[in-house]
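Accompanying notes for the structure given below.
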Amino acid sequence: MQESQIVLISIGVATISAIAAAISAWLTYSIAKRSELNDLEKNLDDILKIGIEYPYLESKRFTIRWNELKDTDDERYLRYDMFCNLVFNYIHKVYQHFNGDKSKIESYVDIKSWVRLHEQNWRNPIDPHENIDGYDEKFRIFINSYIN
59 MQESQIVLIS
69 IGVATISAIA
79 AAISAWLTYS
89 IAKRSELNDL
99 EKNLDDILKI
109 GIEYPYLESK
119 RFTIRWNELK
129 DTDDERYLRY
139 DMFCNLVFNY
149 IHKVYQHFNG
159 DKSKIESYVD
169 IKSWVRLHEQ
179 NWRNPIDPHE
189 NIDGYDEKFR
199 IFINSYIN
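When we follow our numbering, the leftmost residue of the sequence shown carries the number 59, and every step to the right adds one.
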């Protein structure tokens, strides 16, 4: 076999290997994204089940009183604080999944209504630094864009 043929075969094998590696990487990425989306859907179902079990958590008449009652030992407001943590953590996961793309996020989940309903908890958490320490600046700006 001539040297030029060996070089051509080597180039062909290298090209096929590169294409196979690219396809494998793309498939791995696609599977990971699908798995991540399935997890998001399960998390959303879990949050909605809590809202069904405790409907006041999604009631404007209840959420609007957050500031005046957040420091009480009222179990409903303790539960509400934890519920809001779940909601905003979930929204953060959605934000990460869609790389902060507002239109994709809004197509996936009704974020405007959710953020606005739980605005008082976001603005005035029990721990004043909770949202600063718990979320990156870009996400905080994203959330605040719905309530400012």
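In this text, a Cβ means the ideal position worked out from N, Cα and C, and glycines have one as well.
Contact between Leu98 and Lys151 is confirmed by a C-beta separation of about 6 Å, below the 8 Å threshold.
Leaving aside the five residues that flank His187 on each side, none in its chain has a CB nearer than 6 Å to its CB.
Contact check for Leu95 against His155 passes: the beta carbons are separated by less than 9 Å. Counting C-beta pairs closer than 8 Å gives fewer than three between the region 73-84 and the region 98-113, which falls short of the contact rule. Rounded to the nearest whole angstrom, the C-alpha separation of Ile199 and Val65 is 55 Å.
Pairing Ala90 with Lys100, the inter-Cα distance amounts to about 15 Å.
By the beta-carbon neighbour count (other beta carbons within 10 angstroms, threshold 16), Tyr114 is exposed. Out of Thr121, Ile67 and Tyr87, the CA that lies nearest to the CA of Ser171 is found in Thr121. About 6 Å separates the beta carbons of Tyr204 and Arg174, which is inside the 8 Å limit, making them a contact pair.
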